[in-house]
Amino acid sequence: PHEQLIMDVYEMTGSFAFERYDLHLSDEIRNRIVANCKSNTYSSFGKYKVQRTETIDGWKYYFDNDEWLMIRASGTEPVLRTYAESSSREKAFAILDETKKVLLAASA
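For the sequence shown, this note's numbering gives the first residue as -4, with consecutive numbering after it.
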């Protein structure tokens, strides 16, 4: 059955989870965070140390263990979208929680 095939694939490749937070911010705070991203201010988000960065559609920060974080400003509203991928939902949400703390502290 399909379920067994999926489990076999996860056994070979490992599983992953993708989660998202939308941060509703004032234009001033959102713009400050975007400026920080543009100037490479962030070398870590809490315990998550940035290994490399891509800037194709926002800012994608890669961490150890095939984990990553994406920060992207909405083009239509004062929202900063944050996405994370890790091996479980809990770990993805942990990345997002740490990111939110760091972004808001750095923009205060």
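Ideal Cβ positions, reconstructed from N, Cα and C, are used throughout, including at glycine.
Neighbourhood of residue i by C-beta, 6 Å cutoff - its chain only, sequence neighbours within 5 removed
| i | result |
| --- | --- |
| Tyr78 | Arg15, Met65 |
| Tyr57 | Gln46, Arg47, Trp63 |
When the options are compared against residue i, the one with the closest alpha-carbon
| i | options | result |
| --- | --- | --- |
| Asn35 | Ile24, Gly53, Leu18, Ser21 | Gly53 |
| Arg67 | Asp3, Val4, Asn26, Met7 | Asn26 |
| Lys44 | Ile1, Ile51, Thr94 | Thr94 |
| Leu114 | Ser69, Gly70, Lys55, Val29 | It is not possible to answer for residue 114, since the shown part of the chain is limited to -4 through 103. |
| Gly55 | Ser38, Thr71, Gly70 | For the record, residue 55 in the displayed sequence is Lys; it is not Gly. Comparing Cα positions, the closest option is Ser38. |
Nonlocal neighbours in the same chain, by C-beta distance under 8 Å from residue i, ignoring five residues either side
| i | result |
| --- | --- |
| Pro73 | His19, Leu20, Ser21, Asp22, Arg25 |
Contacting residues, own chain, Cβ-Cβ under 7 Å from residue i (five flanking each side not counted)
| i | result |
| --- | --- |
| Lys96 | Gly41 |
| Ala101 | Asn31, Thr36 |
| Asp17 | Val74, Arg76 |
| Leu91 | Glu14, Tyr16, Thr77, Ala79 |
| Thr50 | none |
| Ser69 | Arg76 |
Outcome for residue i when other beta-carbon atoms lying within 10 angstroms are tallied against a minimum of 16
| i | result |
| --- | --- |
| Ser83 | exposed |
Say whether the stretch 82 to 95 touches the stretch 13 to 20, bearing in mind that this needs 3 or more beta-carbon pairs closer than 8 Å, one atom from each stretch. Segments in contact, yes.
Would you say the stretch 45 to 65 touches the stretch -4 to 5, given that touching needs at least three Cβ pairs under 8 Å? Too few Cβ pairs lie closer than 8 Å, so no.
At what residue ranges does the stretch 12 to 40 contain a whole run of the alpha helix (DSSP H), taking only runs of 4 or more? Counting only runs of at least 4 residues, the stretch 12 to 40 fully encloses the following alpha helix (DSSP H) elements, listed from N- to C-terminal order: 22 to 33.
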